[in-house]
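Student: Here you go, one structure.
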Ligand code: C2E
Ligand code: MG
Ligand code: MG
Ligand code: MG
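In UniProt numbering, the protein residues as written are 341 to 626.
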């Protein structure tokens, strides 16, 4: 067969396998080599302080350049990385490289930025997240207070003493914890009380129709007020137009990110964006 000859990379096909299973397996096989083959790239999306309109930080979003698979987005390959366990190594790579990038930017004259990194539940349960974070900080020299770890509710569903202990250890390191995609899960409210989150990120599905739907305004308003009552910083993601921005500003949301400012950008393009943005602020006082 083609497989025995070592020729066709798709030759592991077995009759009866659904094409979805095939694609998943192929993705997993290729993901295994993504770091070695230099296929992973960090993209950076600006996070803006709403009252002052200044650049405060970035969220790191992973991109996988793989033409065979048509450059799958994170919504496609992150689940595969999670199910296969590959996310542990990939997540470590993201942490280390993102921290290094921020330090190198601050040395080259960009303002001090916070860096928000998405962390999968698997990195908590299967990897040594505390050790990985400690190492990334130490190796890069990034001050812990500039690092924010974004976690989704999925992790918190099994509320174990181990997870609480891990949270406490991360807080002890001095990093910030952020609850991502807030509002999309079902038990969100009790998490706010039980876990030491510093930041709440309003899911973009709420922000999306905030300018056309009163119920979304009401919900967003309530989320912001609740976050503030727990002393958390509130970030709205997915802000695409000035109307959404105005509403969020009126409701005292702290930070925003979204296509209105910029999509996630590769490192060099982010530097150009940040330089232009600072210049525009200086000359136009926006
Ligand atoms: P997330 O952390 O909630 O990231 C926000 C997503 O919204 C990103 O999608 C971003 O590109 C997109 N976005 C930002 N502004 C706008 C906007 O104004 N409009 C719209 N329509 N979308 C906007 P992306 O980059 O495709 O990432 C999807 C998800 O994949 C992320 O959701 C995160 O959960 C996960 N992810 C990405 N990178 C990593 C990573 O390094 N590690 C882990 N574990 N997960 C990651
Ligand atoms: Mg995120
Ligand atoms: Mg999110
Ligand atoms: Mg998400």
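Yeah, the Cβ is synthetic: ideal placement off N, Cα and C, and Gly gets one too.
Give every residue of the same chain whose Cβ lies closer than 7 angstroms to the Cβ of residue 617, excluding the five residues on either side of it in the sequence, and list them in chain order.
Tutor: 395
Student: Report the three-state DSSP secondary structure of residue 619 (helix, strand or coil).
Tutor: helix
Student: Using 8 angstroms as the limit for Cβ to Cβ distance, is residue 449 near chain C?
Tutor: Considering every chain present, this structure includes no chain C. It has just one protein chain.
Student: Which of helix, strand or coil does DSSP assign to residue 610?
Tutor: helix
Student: For residue 520, verify whether its CB is less than 7 angstroms away from any heavy atom of ligand 2.
Tutor: Checking every heavy atom of ligand 2 against the Cβ of residue 520, one is found closer than 7 angstroms.
Student: Among 486, 522, 481 and 372, which has the Cα closest to the Cα of residue 511?
Tutor: Answer by Cα proximity: 486.
Student: Any chance the segment 557-574 sits against the segment 357-375, with 3 or more Cβ pairs inside 8 angstroms?
Tutor: no
Student: Please identify the residue among 449, 372, 540 and 431 whose C-alpha is closest to the C-alpha of residue 594.
Tutor: Looking at 449, 372, 540 and 431, the one whose alpha-carbon comes closest to that of residue 594 is 540.
Student: Can you give the Cα-Cα distance for residue 574 and residue 416, rounded to whole angstroms?
Tutor: 28 angstroms
Student: When the distance is taken between beta carbons, is residue 523 closer than 8 angstroms to residue 542?
Tutor: Contact: yes.
Student: State the CB to CB distance for the pair residue 473 and residue 435, rounded to an integer number of angstroms; the pair is presumed to be in contact (CB under 8 angstroms).
Tutor: 6 angstroms
Student: What do you reckon, is the C-beta of residue 387 under 7 angstroms from a heavy atom of ligand 1?
Tutor: The answer is no for residue 387.
Student: If contacts are defined as beta-carbon pairs under 8 angstroms, then residue 481 and residue 443 qualify, I think. What distance do you get, rounded to the angstrom?
Tutor: 5 angstroms
Student: How far does the beta strand (DSSP E) with residue 577 in it reach, from first residue to last?
Tutor: Segment 573-577, the beta strand (DSSP E) holding residue 577.
Student: For residue 492, is the classification buried or exposed, using 16 other Cβ atoms within 10 angstroms of its Cβ as the cut-off for buried?
Tutor: It is buried - the Cβ of residue 492 has at least 16 other Cβ atoms within 10 Å.
Student: May I ask you to check if the CB of residue 399 is nearer than 7 angstroms to at least one heavy atom of ligand 2?
Tutor: yes
Student: Which runs of the alpha helix (DSSP H), 4 residues or longer, sit entirely within the segment 504-576?
Tutor: 528-534, 544-548 and 554-569
Student: Where do the N-terminal and C-terminal ends of the beta strand (DSSP E) with residue 386 fall, by residue?
Tutor: 380-389
Student: Please determine, among 466, 463, 374 and 441, the residue with the shortest C-alpha to C-alpha distance to residue 454.
Tutor: 441
Student: State the Cα-Cα distance for the pair residue 599 and residue 545, rounded to the nearest angstrom.
Tutor: 14 angstroms
Student: Where residue 588 and residue 459 are concerned, what is the direct C-alpha to C-alpha distance, given to the nearest angstrom?
Tutor: 26 angstroms
Student: Can residue 490 be considered in contact with ligand 2, in the sense that its beta carbon sits closer than 7 angstroms to one or more heavy atoms?
Tutor: Yes - ligand 2 has a heavy atom lying nearer than 7 angstroms to the Cβ of residue 490.
Student: Which of helix, strand or coil does DSSP assign to residue 582?
Tutor: helix
Student: Going by DSSP, what residues sit across from residue 491 in a beta bridge?
Tutor: 519
Student: Using the Cβ count rule (16 or more neighbours within 10 Å means buried), how would you classify residue 488?
Tutor: buried
Student: Go ahead and label residue 342 buried or exposed: buried means 16 or more other beta carbons lie within 10 angstroms of its beta carbon, across all protein chains shown.
Tutor: Unreliable positioning characterises residue 342 in this predicted model, as indicated by a pLDDT of 40, which lies under 50. The coordinate reading is nonetheless provided below. Result: exposed.
Student: With a threshold of 8 angstroms, are at least 3 pairs of Cβ atoms found where one atom belongs to the segment 528-537 and the other to the segment 498-512?
Tutor: yes
Student: Just the C-alpha distance for residue 376 and residue 622, rounded to the nearest angstrom, thanks.
Tutor: 42 angstroms
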